[in-house]
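Counting from 488, one number per residue, gives the positions in the sequence shown under UniProt numbering.
Comments concern the structure below.
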Amino acid sequence: VNLATDLRLALERDEFVVYYQPICTLADGAPVGLEALVRWQHPARGMVAPMEFIPTAEETELIVPIGHRVLREACRSTAAWNRRRALAGLPELTVHVNLSTRQLRGDTPQMVAEVLGETGLAPSSLVLEITESHQAFDLAQVCDQLQCLKGLGVGLAIDDFGTGYSSLLALREFPIDTIKIDKAFVDNLDGCSDRSDLTRAIVQLGRTVRRDVVAEGVESESQRQALLDCGCRLGQGYLFAKPLDHAAATALVLPAP
Ligand code: G
Ligand code: G
Ligand code: NA
488 VNLATDLRLA LERDEFVVYY QPICTLADGA PVGLEALVRW QHPARGMVAP MEFIPTAEET
548 ELIVPIGHRV LREACRSTAA WNRRRALAGL PELTVHVNLS TRQLRGDTPQ MVAEVLGETG
608 LAPSSLVLEI TESHQAFDLA QVCDQLQCLK GLGVGLAIDD FGTGYSSLLA LREFPIDTIK
668 IDKAFVDNLD GCSDRSDLTR AIVQLGRTVR RDVVAEGVES ESQRQALLDC GCRLGQGYLF
728 AKPLDHAAAT ALVLPAP
């Protein structure tokens, strides 16, 4: 069977669902945002992880309509959560949506503006996480798109910072507000000191250039403490919560009735 054909069918049948993993303040575990993570609810194979279909989706450009669905669903859910949080006196959450460099095309800023208008989510509540594409991309075009997106008032984050060839170049060239430190560097905090020094240096780099820093893949109390000690304020990972379905995310972000 052909994966591209299956993905087209999955779009028609509306089989893509969005999970949400909280981004928390490391000090007290309070959620300040959520990362939207796509899953494919396959009728026979069950829940399929993004790594199994995103590369093919990028290659076939099916990532464009899939990404549109994910963005709309994530913005709609977060707008509803934020309305209810406001009534309860709780601060607004941001929602982080992944966009691979391959998804940044001429009409992307307009698509994002339309989704914000349609769902009523405040632009400042949306953060787009830019991930390096599995396919080649045009740096100048990506910069241009990111400037347009920034003009809408949304936040921009670099995902998996420290991996891939482009981290420092992206930090220099892109109008980025937030750096997400790759899990590999968080894992290092439990290891030998040379490696944890490198992690500390990355956190320091983020602070020096005045970007928010989010640590990914925080799994242990000792990692949480080490991150706090080096001045990192925000984290995401199994220590706080795994990616949750819509109902479980709702229970986490809204006060019990
Ligand atoms: O949920 P999981 O940790 O398996 O996700 C793995 C990776 O898949 C994420 O780190 C992210 O880069 C990618 N991913 C998840 N959801 C989306 C999405 O909606 N769009 C894109 N482009 N990538 C996604
Ligand atoms: O956007 P990104 O590629 O970083 O997506 C995060 C991925 O990492 C998701 O697939 C999520 O399920 C996974 N993940 C999130 N938190 C943890 C964690 O604490 N430990 C591990 N091993 N994986 C995590
Ligand atoms: Na991400």
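Backbone N, C-alpha and C define an ideal beta-carbon position, used for all residues, glycine too.
Item checked: Runs of beta strand (DSSP E) wholly within the region 639-673 (minimum 3 residues, chain order) -> 642-648, 665-668
Notebook entry, point to check: When every heavy atom of ligand 5 is checked, does at least one fall within less than 7 Å of the C-beta of GLN528?
Noted result: Ligand 5 is absent from the structure shown, which contains only ligand 1, ligand 2 and ligand 3.
Check: Under the three-state reduction of DSSP, which class applies to THR512: helix, strand or coil?
Finding: Residue mapping note: residue 512 aligns to position 25 of the sequence shown, counting from 1. Strand, per DSSP.
Next item on the list: Check whether the region 661-669 touches the region 634-649, counting contact only when three or more Cβ pairs, one atom from each stretch, lie closer than 8 Å.
Entry: yes
Margin query: Shorter than 7 Å, the distance from the beta carbon of THR547 to the closest heavy atom of ligand 1, or not?
Written below: The residue given as residue 547 occupies position 60 in the sequence shown. No, ligand 1 has no heavy atom inside 7 Å of this Cβ.
Notebook entry, point to check: With 16 other CB atoms within 10 Å as the buried threshold, where does TYR506 fall?
Noted result: Counting from one through the sequence shown, the residue named residue 506 turns up at place 19. TYR506 should be labelled buried.
Item checked: Residue burial classification, GLU499 (beta-carbon count within 10 angstroms, cutoff 16) -> As a position in the sequence shown, residue 499 is number 12, starting the count at 1. Exposed is the call here.
Notebook entry, point to check: With burial defined as no fewer than 16 other Cβ atoms inside 10 Å of the residue's Cβ, what is the status of CYS719: buried or exposed?
Noted result: Translated into positions along the sequence shown, residue 719 becomes position 232. Of the residues assessed, CYS719 falls on the buried side of the cut-off, its CB having 16 or more other CB atoms within 10 angstroms.
Next item on the list: Compute every distance between the C-beta of SER587 and the non-hydrogen atoms of ligand 1, then say whether any falls below 7 Å.
Entry: Here the question's residue 587 lines up with position 100 in the sequence shown. For SER587, the shortest C-beta to heavy atom distance toward ligand 1 is below 7 Å.
Next item on the list: Could you tell me the distance, in whole angstroms, from the CA atom of GLN590 to the CA atom of ARG698?
Entry: Position 103 of the sequence shown holds residue 590. Position 211 of the sequence shown holds residue 698. Taking the straight line from one Cα to the other gives about 24 Å.
Margin query: Whole angstroms are fine: how far does the CA of LEU549 sit from the CA of ALA491?
Written below: Residue 491 sits at position 4 when you count from the first residue of the sequence shown. Residue 549 sits at position 62 when you count from the first residue of the sequence shown. Answer to the nearest angstrom: the Cα atoms are 8 Å apart.
Next item on the list: Compute the distance between the beta-carbons of LEU613 and GLY638, then report whether it is under 8 Å.
Entry: As a working note, residue 613 is residue 126 in the sequence shown. As a working note, residue 638 is residue 151 in the sequence shown. Cβ distance not < 8 Å, so LEU613 and GLY638 don't count as in contact.
Next item on the list: Report the option in CYS679, ALA561, MET538, GLN528 whose CA atom is closest to the CA atom of HIS621.
Entry: Numbered from its first residue, the sequence shown carries residue 621 at position 134. Comparing Cα-Cα distances from HIS621 to each of CYS679, ALA561, MET538, GLN528, the minimum goes to MET538.
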